[in-house]
Each structure stands twice: as structure tokens, then as C-alpha cells.
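Student: Below you'll find the structure I mean.
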Amino acid sequence: MSNIFEAFNKIAEKKIQEAIQEGQFEDLPGKGRPLELEDDSHLPLDIRLAHKILKNGGCLPPELELKKEILTIEELLAGEKDTKEKYKQMKKLNFLIMKLNMTRRSSLSLEKNQVYYDRVVEKMGKKETAD
0 MSNIFEAFNK
10 IAEKKIQEAI
20 QEGQFEDLPG
30 KGRPLELEDD
40 SHLPLDIRLA
50 HKILKNGGCL
60 PPELELKKEI
70 LTIEELLAGE
80 KDTKEKYKQM
90 KKLNFLIMKL
100 NMTRRSSLSL
110 EKNQVYYDRV
120 VEKMGKKETA
130 D
């Protein structure tokens, strides 16, 4: 088995040396700057490679897509004046938060809290009287 690895290592080394001699590494992005290594130790070993491939391809993992959508809706809610539209967006927000919480493998105490209609209506009432 080690003979196979040695053969692959020799082939790889030969190809790298040929590429260096041909100047294929001269125009690489980031040339002359230190490498920017990311700390992916928070990710389970079995998904690190998939996460890296998705990130390099410009795709976000589903959990981050949900977080992004949640933040967008929260921003919309902050500027929304129409009560019916706010209620509609809150329902969507609560659904996304529930979906996000279900995808996590962590403790329930780390879950994101849902936004409840009564709390928002109460805050809206206070803001309207303050204006």
C-alpha cells in the first residue's frame, strides 16, 4: 500500500515541478501576500470539505441561507408601518426561525426566539404614541 502512495507522491511532485518551471504559479491571486487561513474547527469533520466547496462556489450552507433570510425579514419588519403586512412578515419570520432551530444539532437553549405578535403590537403602540 505504501508503494502506491509513494508512486502518487512522485507523480504529484513531478507535476508540481513542471508547473513551476513553466511559470504556471506566477499569476495566482494573492501572490506575495500571506495566506488567509480560515478557522473551520467549529465545523464537524465530516462536513468541512463540503462546506469549503460550497463556499468557494459562492453558495451558502442551508443554515446560513436561513439566517440571511431571517435578517432580511427582521429589517423589513423594522421599517414596515402596515399592521397586516407586519403580521404576515412575522408569520414568515416565525416559520423560518422554527425551521432554523430544527436544523441545529445544538442545545435547545441556543435556539433563536420567535417573534410573537403581541410583543410586536405592544412595541408598535409604544412607538406610535412616542411619535
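Here numbering that gives the first Met the number 0 is used: position 22 in the sequence shown is 21, and no number is missing along the way. Glycine is no exception: its CB is placed at the ideal position from the N, C-alpha and C atoms. Predicted model, so just to flag it, every value in this text is computed and none were measured.
To the nearest whole angstrom, what separates the beta carbons of isoleucine 72 and leucine 92, a pair I think is in contact under 8 Å?
Tutor: Between leucine 92 and isoleucine 72 the Cβ distance is about 5 Å, and since that is below 8 Å, they are a contact.
Student: Strictly under 9 Å for the Cβ-Cβ distance: is lysine 90 near chain B by that measure?
Tutor: Protein chain content of the structure displayed is limited to a single chain, and chain B is not contained in it.
Student: Suppose only complete runs of 4+ residues qualify. What are the alpha helix (DSSP H) ranges in the region 28–88, listed by chain order?
Tutor: DSSP runs (the alpha helix (DSSP H)) wholly in the region 28–88: 44–55 and 61–78.
Student: Write down the C-beta distance between leucine 95 and glutamate 68 rounded to the nearest angstrom, noting that I regard them as a contact closer than 8 Å.
Tutor: Contact flag correct, Cβ pair sits at about 6 Å.
Student: Where does glutamine 20 fall in DSSP's three states?
Tutor: Residue state, collapsed to three classes: helix.
Student: Using the rule of at least 16 other Cβ atoms within 10 Å of the residue's Cβ for burial, across every protein chain shown, is lysine 14 buried or exposed?
Tutor: By the 10 Å Cβ count, lysine 14 comes out exposed.
Student: Using 9 Å as the threshold, is the C-beta distance between arginine 47 and aspartate 38 below it?
Tutor: In this structure, aspartate 38 does not lie closer than 9 Å to arginine 47 by Cβ.
Student: Exposed or buried, what is lysine 83 when buried is set at 16 or more other beta-carbons lying within 10 Å of its beta-carbon?
Tutor: It is exposed - the Cβ of lysine 83 has fewer than 16 other Cβ atoms within 10 Å.
Student: Distance, Cα to Cα, glutamine 16 vs phenylalanine 7?
Tutor: Each residue's alpha carbon lies about 14 Å from the other.
Student: With distance defined between alpha-carbon atoms, name the residue in Lys66, Lys80 and Leu76 nearest to threonine 102.
Tutor: Of the listed residues, the one whose Cα sits closest to threonine 102 is Lys66.
Student: Just mark lysine 85 as buried or exposed, buried being the case when its beta carbon has 16 or more other beta carbons within 10 Å.
Tutor: Buried.
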